[in-house]
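So the structure is just underneath, and the comments pick up after that.
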Amino acid sequence: MEPGVILPFVHRPLSRYVNTMVENGLVLDRMLEPAPPAGFLSKAPEYADASEFPRLLVLQAIRI
């Protein structure tokens, strides 16, 4: 991570995302929880728990 770069993390219930998609005619097609890239934790050890508890969520949906 570059010096001065800040990644804010905001916790929201998973139901908020899924229900919003459903209410707008979308169907969940894929869910990904990407791990930190190789070498990231050696540069930013304060994110060590991110290897056990994903910090990112990617939802892919299709419109029905």
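Following the numbering used here, the numbering of the sequence shown begins with 11 at its first residue and continues without gaps.
Even for Gly, the Cβ is constructed at its ideal location relative to N, Cα and C.
Can you give me the start and stop residues for the alpha helix (DSSP H) that residue i sits inside?
i, result
"residue 26", "24 to 33"
"residue 51", "50 to 53"
How is the beta strand (DSSP E) around residue i delimited, first residue to last?
i, result
"residue 67", "No beta strand (DSSP E) holds residue 67; DSSP gives it neither H nor E."
So residue i and residue j are in contact, right, with Cβ under 8 angstroms, and what is the actual spacing, rounded?
i, j, result
"residue 68", "residue 42", "4 angstroms"
To the nearest angstrom, report how far apart residue i and residue j are at their CA atoms.
i, j, result
"residue 28", "residue 63", "20 angstroms"
"residue 52", "residue 45", "14 angstroms"
"residue 50", "residue 65", "13 angstroms"
"residue 34", "residue 19", "25 angstroms"
"residue 31", "residue 16", "28 angstroms"
"residue 74", "residue 56", "41 angstroms"
Leaving aside the five residues before and after residue i along the sequence, list all residues of the same chain whose C-beta is less than 6 angstroms from its C-beta, in chain order.
i, result
"residue 72", "37 and 39"
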